[in-house]
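Each residue of the sequence shown is one higher than the one before, counting from 1 in the working numbering. Cβ coordinates follow ideal geometry from the N, Cα and C atoms, glycine included. Written below as structure tokens is the structure these notes are about.
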Amino acid sequence: MIEPVLTIVVPCYNEEEVLPETMNQLDKLIKQLISEQLVSNRTKILFVDDGSKDRTWEMIYKAGLRNEHVRGLKLSRNVGHQNALLAGLFAAKEISDCVVSIDADLQDDIEVIREFIHKFNEGNEIVYGVRKRRDTDTFFKRSTAQGFYKIMKKMGVDLVYNHADFRLMSKRALMELEGFKEVNLFLRGIVPLLGFRSDIVYYDRKERQAGETKYPLKKMLAFAFDGVTSFSVSPIRFVLFIGFVSFFLSLLFGLYFLMLKALGETQTGWTSLITSIWLIGGLQLIAIGLIGEYVGKIYKESKHRPKFIIDIDTFSIPAPRHHLI
Ligand code: UDP
Ligand code: MG
1 MIEPVLTIVV PCYNEEEVLP ETMNQLDKLI KQLISEQLVS NRTKILFVDD GSKDRTWEMI
61 YKAGLRNEHV RGLKLSRNVG HQNALLAGLF AAKEISDCVV SIDADLQDDI EVIREFIHKF
121 NEGNEIVYGV RKRRDTDTFF KRSTAQGFYK IMKKMGVDLV YNHADFRLMS KRALMELEGF
181 KEVNLFLRGI VPLLGFRSDI VYYDRKERQA GETKYPLKKM LAFAFDGVTS FSVSPIRFVL
241 FIGFVSFFLS LLFGLYFLML KALGETQTGW TSLITSIWLI GGLQLIAIGL IGEYVGKIYK
301 ESKHRPKFII DIDTFSIPAP RHHLI
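The following block contains the structure:
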């Protein structure tokens, strides 16, 4: 059997603190995999610099000069984890039989990549890395994540539980992934939709090895909200449902008070009036806001803007021909 060409794609945003260690460990791993004849010696690690403001790109570039297995893509600006990952995946697929995506912070166990390759050789097009436990995450992150999976499931979105973007995809799966043209691409939701034969590998997730999380609470919430509204219109349906319920309730109340009036009992009514005005007003604002969210999405999608722009590419074009900055 001919060994598959593997590319490991690593999106990096301001990761200068952890990058030397990441490069070191990944390099060791692929050299082992090559010597065990599990993967081809054309295997590469592709670092995608997502518009970092620190020395990330310089490190990637220089490592590429020393090491033929290290290559880099420099994006023209920060486009976020998902889009940076896509840039790497699409570039990598041209010359790879399979591609593994992994974060730069060494939270995921890189040894698992070996199992990914075995599962790929068994005929799986997609292999998901799934965290066994999440006790290295804060309680807050754990519970919000759990809530997120539950909500998504209720809305009929098929997510792989406790799977982040640590996975292997075959060339074929990546080619099909390119057919999903949406600008708001939520990979964790899209990849299961491909429907190919897939498998799961369980692993323990570690602490971030160095540097800080690039997903503070605000970004995390935005990511979750984006995930929900990209995949489902049920929030709009829910608002519609609330609208109907409050409409019929107000009809009943109206009838009740009219009846009281007919019996000669006048209501002072100020409280109920104000409360219902605020209630309905609030509901309407929520509904309009929610619809606005979807309209905004349609607006964004309709422009078909590119998801990322590659500034420097030492992956497809050999490194020495590039200038550094
Ligand atoms: N990342 C990126 N662009 C961004 C934010 C993050 O490429 O705008 C990368 C980051 O360098 C890391 C990965 O995405 O490799 C995951 O980010 P992080 O580890 O900070 O997220 P967390 O694990 O805390 O959710
Ligand atoms: Mg992390």
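Assignment of beta-bridge partners to Ser170 by DSSP yields Cys98.
Look at the beta carbons and you see the stretch 246-253 not touching the stretch 299-306: under three pairs across the two are nearer than 8 Å.
Under a 10 Å Cβ-count criterion, Pro216 is classified as exposed, with fewer than 16 other Cβ atoms of the shown protein chains found around its own Cβ. Cβ atoms of Thr56 and Asn14 come within 8 Å of each other, at about 6 Å. Here DSSP, grouped into helix, strand and coil, assigns Tyr203 to strand. Only residues of its own chain outside the window of five on either side were considered, and among them Ser232 have a CB closer than 7 Å to the CB of Gly156, listed in chain order. Residues Gly51 of the same chain have their beta carbon placed closer than 7 Å to that of Arg77, with the five preceding and five following residues left out of the count. With respect to Glu68, Ala210 sits apart: the two C-beta atoms are not nearer than 8 Å.
Here the alpha carbon of Val100 sits roughly 60 Å from the alpha carbon of Leu273. For Val228, DSSP records no beta bridge to any residue. Judged by DSSP in its simplified three-state form, His163 adopts strand. Sequence-distant partners of Lys53 (beyond 5 residues in either direction) whose C-beta falls short of 7 Å from its own C-beta, in its chain, are Asn14. Per DSSP, the unbroken beta strand (DSSP E) holding Gly129 starts and ends at Ile126 to Arg131. In the structure shown, the three-state DSSP call for Gly254 is helix. Gln32 counts as exposed, since fewer than 16 other beta carbons sit within 10 angstroms of its beta carbon.
The beta carbons of Ala287 and Val239 sit closer together than 8 Å. Scanning Leu177, Tyr149 and Ser143 for the CA closest to the CA of Glu125 turns up Leu177. With fewer than 16 other Cβ atoms from the protein chains shown falling within 10 Å of its own Cβ, Gln284 counts as exposed. Under the DSSP assignment, Phe47 falls in the beta strand (DSSP E) whose first and last residues are Lys44 to Asp49. If you check the C-beta of Thr144 against the ligand MG, you find no heavy atom less than 7 Å away.
Taking the Cβ of Tyr215 as the reference point, at least one heavy atom of the ligand UDP falls within a distance shorter than 7 Å.
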